Amino acid sequence: MKSIYTTASPVRESSADAPLIPGAPCANRREEGDSFAFDHLAVAEQVRLALQEEPGLRGVQVHIEAFAGVVQLSGLANTAEQMNQMVVRVAGLPGVTSVRNCLRLAA
Numbered sequence: 001m002k003s004i005y006t007t008a009s010p011v012r013e014s015s016a017d018a019p020l021i022p023g024a025p026c027a028n029r030r031e032e033g034d035s036f037a038f039d040h041l042a043v044a045e046q047v048r049l050a051l052q053e054e055p056g057l058r059g060v061q062v063h064i065e066a067f068a069g070v071v072q073l074s075g076l077a078n079t080a081e082q083m084n085q086m087v088v089r090v091a092g093l094p095g096v097t098s099v100r101n102c103l104r105l106a107a
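Position one of the sequence shown corresponds to residue 1 (the UniProt record's numbering), numbered consecutively onward.
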């Protein structure tokens with residue numbers, strides 16, 4: 001069963017080369033240096049492509065991080081339906097074991 005995490009924590013700026021820690025709050029990461037595995041990048045790219053293919057999500061700016069099957073989505077969505085659509089679409093992708101939703105609604 002895939003899990004979906006949500007949080008009210010603010011989204012923080014982060015370095016793209018430092019992967020997240022599965023099970024940790026949004027934007028917390030662990031240092032892994034040069035051993036950031038290709039399959040993490042492949043899952044993140046798969047998520048990016050899947051979100052671009054969704055008609056209601058084109059043009060939405062979302063930051064995607066993946067580590068060990070956990071995908072973290074952060075950024076702004078225009079509506080709650082858009083947020084839900086992103087999380088549901090990502091959760092259904094192969095290789096994704098859980099989705100951490102750090103998305104916020106645009107003001």
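From the three backbone atoms N, C-alpha and C, an ideal C-beta is built for every residue, glycine too. This one's a predicted model, so the numbers in the text were calculated from it and none came from an experiment.
Pick out whichever of Leu105, Glu45, Val47 and Val70 has its Cα sitting closest to the Cα of Asn78. Leu105
Neighbourhood of Ala66 by C-beta, 6 Å cutoff - its chain only, sequence neighbours within 5 removed: Same-chain partners within the cutoff: His40, Val43 and Ala44.
Less than 6 Å between C-beta atoms, sequence neighbours within five positions excluded: which residues of the same chain meet that for Gln61? Gly75
Which value, in whole angstroms, describes the spacing of the CA atoms of Leu93 and Arg48? Each residue's Cα considered, the two are about 11 Å apart.
Could you tell me the alpha carbon to alpha carbon distance between Arg100 and Gln72, rounded to whole angstroms? 5 Å
What span of residues does the alpha helix (DSSP H) with Gln85 cover, start to end? Ala80 to Ala91
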